[in-house]
Amino acid sequence: MAYHMDDAKQVGEDANHRKYLKEDAMDLIQAWLDELGRKQRTELSTLQVDVLLLLSRHLRGSQPEQLWSATGALVRSAMTMGLNVDPASVKGINPYMAEMRRRVWATILEVDLQASMFCGMPLVIPELNSSSVIPSNLDDTQFDETSTILPISQPNHVYTDSLFQVVLAASLPQRMKALSVIRHSTPDIQDGIKFGGKVEECLLRKPQAMSLHDNDEAPRDGGSLIHRVFLDIYMRRPLIRLYMALIHGPQAQISANESLIAELEQHCLESSRVILSYQDLYTIPALATVTTSPWAQQNFFYNACGLDFRWAALTLCQEIRQCYELNKPKALALNLVRAVETTISYLINRIEQKGTDIKDIVFLALVLQSVQTPTTAPDRPQILQQTVKKTLSTCREKLLQPLLPIDHPHPLTVQPAKRTSIDATLTASIQSTATPPTNLQTDPLSMSDSMFPLNLPAGTEQYFGDLSELAVEYNAFQPGVFDPNDAFNFNFAQPQNYETMWQ
1 MAYHMDDAKQ VGEDANHRKY LKEDAMDLIQ AWLDELGRKQ RTELSTLQVD VLLLLSRHLR
61 GSQPEQLWSA TGALVRSAMT MGLNVDPASV KGINPYMAEM RRRVWATILE VDLQASMFCG
121 MPLVIPELNS SSVIPSNLDD TQFDETSTIL PISQPNHVYT DSLFQVVLAA SLPQRMKALS
181 VIRHSTPDIQ DGIKFGGKVE ECLLRKPQAM SLHDNDEAPR DGGSLIHRVF LDIYMRRPLI
241 RLYMALIHGP QAQISANESL IAELEQHCLE SSRVILSYQD LYTIPALATV TTSPWAQQNF
301 FYNACGLDFR WAALTLCQEI RQCYELNKPK ALALNLVRAV ETTISYLINR IEQKGTDIKD
361 IVFLALVLQS VQTPTTAPDR PQILQQTVKK TLSTCREKLL QPLLPIDHPH PLTVQPAKRT
421 SIDATLTASI QSTATPPTNL QTDPLSMSDS MFPLNLPAGT EQYFGDLSEL AVEYNAFQPG
481 VFDPNDAFNF NFAQPQNYET MWQ
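In structure tokens form, the structure reads like this:
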């Protein structure tokens, strides 16, 4: 997990070391867990390893369905160990262990909640009424294994090591109830507004110490910044899932609910705009003021929240369409269009980074143009086609640009540390089994560049780094890829209804 937050170089074969950490290391840890006996499996430290392994798999891009299955198993393992029981009512547990059980239990429930939302599947525990899930607001240095009594928990306006988890866990029962509304085949709008309102109250009660504004508690490093952003996004996710389910549910068609639906749409729009605004904090120049590893921080941010940005951008596109259909003020529509265009630009600027999907970029650009183009426009198919071509062209130009170093001010002059090499025997083993990289000899100047008048340097493939497959794909890109018989061509040769495709 640390490799997602740190771009420090390792001495020696760094690529092989990273490959080991990405693939073999997690498999070996899982194999070690599977071989543990029943007694060891019920130890808290084993459960902590399970949690870290699950989070690592999430960062490495495991399928959401697999993560949801794994989080469900994790919740059941925790219940087998009795973590769902208030530690205060269990005899023989010292204060340190009681507090750690609360922290681990809150973490597991949070992970299950997030995985369930991404998959659209139910929670293992649909409701949580006990306050025992909330850890104490204490610094880690205030207690240890030898403590006979825990210090008094600090009030929430006091910043501690555990404050973020305390605030998040305090809102967990409300967020779980909000999601429970959409488990029904016909979600009740009144219940949705009621429980959604309680989640919004939790948002409003966030301590000032977690503010992103300029004050004494404003984030001064990458860690405190990501904690503040994650806290807000984690609390808004259930709201957006709940409100969108109600907006598009069967009760939304009832005329008596029109005012309620309009209110929910505004709540969705507000949360979506807030989520998209966090991208401004994660540009490379902005990150360079709070961290010495801006690219690693940005990659971690987009890996963890990329889906939130896509959903938020689509929510804005829905509102843009209504602005044009209902003749709302043009200023509102222009502001929303600008926000979606900014998101697309941010994604294009990251096109060479792992985890960025060109299909997402083309998709958002196509949706944005679709909601702005009248359905009665005679040249609508051609406009949509040109949008796809223009977006692909922009992505291609960005991919083929030399990745020149950019000078940005750093808050610290300390250079990224170099990790010491792993054990020589292990390194030799990895080297002997690793497949040597294949150098793809491509000549960008040999492409048909009638649409893309780029002055490309020789050997451009080196700028793709380890994404050699993208080099092949984009070097093979031709202006005439839009075949009349292609299902993605948007011309009259295809019978598909492209009006509803993006929905």
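Quick note on numbering: the sequence shown equals residues 1 to 503 in full-length UniProt numbering. For glycine and all other residues, C-beta sits at the position ideal for the given N, C-alpha and C.
### Task
Could you name the residues of the same chain whose beta carbon sits closer than 6 Å to that of Arg237, not counting the 5 residues immediately before and after it, in chain order?
If you number the sequence shown from 1, residue 237 lands on position 237. Within the same chain, Arg237 has close Cβ partners Met117.
### Query
In angstroms, rounded to a whole number, what distance separates the CA positions of Ser56 and Asp280?
Position 56 of the sequence shown, counted from the start, is the residue given in the question as residue 56. Position 280 of the sequence shown, counted from the start, is the residue given in the question as residue 280. Taking the straight line from one Cα to the other gives about 26 Å.
### Message
Tell me which residue opens and which closes the alpha helix (DSSP H) that Pro155 is part of.
### Response
For the purposes of this step, residue 155 is taken as residue 155 along the sequence shown, with counting starting at 1. Taken as a continuous stretch (DSSP letters only), Pro155 belongs to no alpha helix (DSSP H), as it is neither H nor E.
### Message
Just to confirm before moving on: does the CB-CB distance between Ile344 and Leu368 stay below 9 Å?
### Response
Taking the first residue of the sequence shown as position 1, residue 344 is located at position 344. Taking the first residue of the sequence shown as position 1, residue 368 is located at position 368. Yes; because the gap between Cβ atoms is below 9 Å, this pair is in contact.
#### Entry: Gly480 burial status per 10 Å Cβ neighbour count (16 or more: buried)
One-based indexing of the sequence shown puts residue 480 at position 480. Unreliable positioning characterises Gly480 in this predicted model, as indicated by a pLDDT of 41, which lies under 50. The coordinate reading is nonetheless provided below. With fewer than 16 other Cβ atoms within 10 Å, it is exposed.
### Span of the alpha helix (DSSP H) around Gln372
Residue 372 sits at position 372 when you count from the first residue of the sequence shown. Segment 358-372, the alpha helix (DSSP H) holding Gln372.
### Task
Quick one: residues in its chain with C-beta nearer than 6 Å to the C-beta of Asp86, no 5 flanking neighbours on either side, listed in chain order?
As a position in the sequence shown, residue 86 is number 86, starting the count at 1. Closer than 6 Å at the Cβ level, and outside the excluded window around Asp86, lie Ser132.
### Span separating the alpha-carbon of Lys19 from that of Pro173
The residue given as residue 19 occupies position 19 in the sequence shown. The residue given as residue 173 occupies position 173 in the sequence shown. Approximately 39 Å, taken between the alpha carbons.
#### Entry: Nearest-angstrom beta carbon gap, Gln165 and Ala106 [assumed within contact, 8 Å]
Walking along the sequence shown from the start, residue 106 turns up at place 106. Walking along the sequence shown from the start, residue 165 turns up at place 165. Sure, about 6 Å apart at Cβ, within 8 Å.
### Query
Can you give the Cα-Cα distance for Lys198 and His157, rounded to whole angstroms?
By 1-based counting over the sequence shown, the position of residue 198 is 198. By 1-based counting over the sequence shown, the position of residue 157 is 157. So the alpha carbons of these two residues sit roughly 20 Å apart.
### Query
Taking just the CA atoms, how far does Arg380 sit from Ser211?
Residue mapping note: residue 211 aligns to position 211 of the sequence shown, counting from 1. Residue mapping note: residue 380 aligns to position 380 of the sequence shown, counting from 1. Going from the Cα of Ser211 to the Cα of Arg380 covers about 45 Å.
### Query
Are the beta-carbon atoms of Cys323 and Leu314 separated by less than 9 Å?
Position 323 of the sequence shown, counted from the start, is the residue given in the question as residue 323. Position 314 of the sequence shown, counted from the start, is the residue given in the question as residue 314. Not in contact: Cys323 and Leu314 (Cβ atoms no closer than 9 Å).
### Task
Specify, as a first and last residue, the run of the alpha helix (DSSP H) that Glu127 falls within.
To locate residue 127, count along the sequence shown from 1; it is residue 127. Boundaries for Glu127: no alpha helix (DSSP H) harbours it, and the DSSP string shows neither H nor E there.
### Message
Can you determine whether any heavy atom of the ligand MN sits closer than 8 Å to the C-beta of His227, and answer yes or no?
### Response
Ligands in the displayed structure: none, and consequently the ligand MN is not present.
### Message
Applying the 10 Å Cβ sphere with the 16-neighbour rule, what's the burial state of Leu334?
### Response
Reading the sequence shown from its first residue, position 334 is the one you call residue 334. Exposed is the call here.
### Task
Determine the burial state of Val90: buried for a count of at least 16 other Cβ atoms within 10 Å of its Cβ, exposed for fewer.
If you number the sequence shown from 1, residue 90 lands on position 90. Burial call: exposed.
### Message
Among Ile240, Gln298, Glu270, Gly61, whose alpha-carbon lies nearest the alpha-carbon of Gly223?
### Response
Numbered from its first residue, the sequence shown carries residue 223 at position 223. Comparing Cα positions, the closest option is Gln298.
### Message
Assuming Gln63 is part of the alpha helix (DSSP H), what are its boundary residues?
### Response
Within the sequence shown, residue 63 is the residue found at index 63, counting from 1. Careful: Gln63 lies outside any alpha helix (DSSP H) and carries neither H nor E.
### Task
Take Leu352 as the anchor and find which of Gln251, Thr394, Leu54, Val167 has the nearest alpha-carbon.
The residue given as residue 352 occupies position 352 in the sequence shown. In the sequence under discussion, the amino acid at residue 352 is Glu, which differs from the Leu named in the question. Of the candidates Gln251, Thr394, Leu54, Val167, the one whose C-alpha sits nearest the C-alpha of Glu352 is Thr394.
### Task
Would you check if the distance between the CB atom of Leu316 and the CB atom of Arg350 is smaller than 9 Å?
For this step, residue 316 is matched to residue 316 along the sequence shown. For this step, residue 350 is matched to residue 350 along the sequence shown. No, Cβ-Cβ distance for Leu316 and Arg350 is not below 9 Å.
### Message
Just verifying my parser: in three-state terms, what is the DSSP assignment at Gln266?
### Response
As a working note, residue 266 is residue 266 in the sequence shown. Of the three classes helix, strand and coil, the one that applies to Gln266 here is helix, per DSSP.
### Query
Any contact of the stretch 130-149 with the stretch 178-194, i.e. 3+ C-beta pairs under 8 Å?
no
### Message
Give me, in chain order, the residues of the same chain whose beta-carbon lies closer than 6 Å to that of Ala434; leave out the 5 immediate sequence neighbours on both sides.
### Response
Along the sequence shown, read from residue 1 onward, the residue named residue 434 stands at position 434. Bear in mind that a pLDDT of 39 at Ala434, under 50, signals an unreliable position, so the model cannot answer this.
### Query
With burial defined as no fewer than 16 other Cβ atoms inside 10 Å of the residue's Cβ, what is the status of residue 526: buried or exposed?
Because the chain spans 1 through 503 in this model, residue 526 falls outside it and cannot be assessed.
#### Entry: With 16 other Cβ atoms within 10 Å as the buried cut-off, status of Arg38
What you label residue 38 is simply residue 38 of the sequence shown in a count that begins at 1. The residue in question, Arg38, is exposed, as its Cβ has fewer than 16 Cβ neighbours within 10 Å.
### Task
Kindly give me the distance between the Cβ atoms of Ala304 and Ile275, rounded to whole angstroms, as I take these residues to be in contact under 8 Å.
As a first step, residue 304 is located in the sequence shown; it is residue number 304 there, counting from the start. As a first step, residue 275 is located in the sequence shown; it is residue number 275 there, counting from the start. Not really, about 12 Å apart at Cβ, beyond 8 Å.
### Query
Cα separation between Lys163 and Leu47?
Start at 1 with the first residue of the sequence shown, and residue 163 comes out as number 163. Start at 1 with the first residue of the sequence shown, and residue 47 comes out as number 47. In the sequence under discussion, the amino acid at residue 163 is Leu, which differs from the Lys named in the question. If you take the alpha carbons of Leu163 and Leu47, they lie about 22 Å apart.
#### Entry: Residue closest to Asn137, alpha-carbon to alpha-carbon, out of Met100, Ala31, Thr373
For this step, residue 137 is matched to residue 137 along the sequence shown. Nearest of Met100, Ala31, Thr373 to Asn137, Cα basis: Met100.
### Query
Apart from the five residues on each side of it in sequence, which residues of its chain come closer than 7 Å, Cβ to Cβ, to Ser153?
For the purposes of this step, residue 153 is taken as the residue at position 153 of the sequence shown. So the qualifying residues of the chain are Ser136, Asn137, Leu138.
### Task
Counting only the same chain and skipping the five closest in sequence on each side, list residues whose C-beta sits under 7 Å from that of Leu221.
Residue 221 sits at position 221 when you count from the first residue of the sequence shown. It should be pointed out that residue 221 corresponds to Asp in this sequence rather than to Leu. Once the five neighbours on either side are set aside, the close Cβ partners of Asp221 are Val290, Thr291.
### Message
Could you give the first and the last residue of the continuous alpha helix (DSSP H) run that contains Ala256?
### Response
Working through the sequence shown from its first residue, we reach residue 256 at position 256. It is not in any alpha helix (DSSP H) - Ala256 carries neither H nor E in the DSSP assignment.
### Query
What whole-angstrom Cβ distance do Ile125 and Leu109 have, given they're in contact under 8 Å?
In the sequence shown, the residue the question calls residue 125 occupies position 125. In the sequence shown, the residue the question calls residue 109 occupies position 109. The Cβ separation is near 7 Å, so the contact holds.
### Query
Got a sec? Which residues, its chain only, sit under 8 Å from Pro122 by beta carbon, not counting five neighbours each side?
Counting from 1 along the sequence shown, the entry for residue 122 is found at position 122. For Pro122, where only same-chain residues beyond five positions count, the Cβ hits under 8 Å are Ser116, Arg183.
### Query
When burial is assigned at 16 or more other CB atoms within 10 Å of the CB, is Ser370 buried or exposed?
As a working note, residue 370 is residue 370 in the sequence shown. Buried: at least 16 other Cβ atoms inside 10 Å.
### Three-state class that DSSP yields for His227 in the structure shown
Translated into positions along the sequence shown, residue 227 becomes position 227. The answer is helix: DSSP assigns His227 an H, G or I state.
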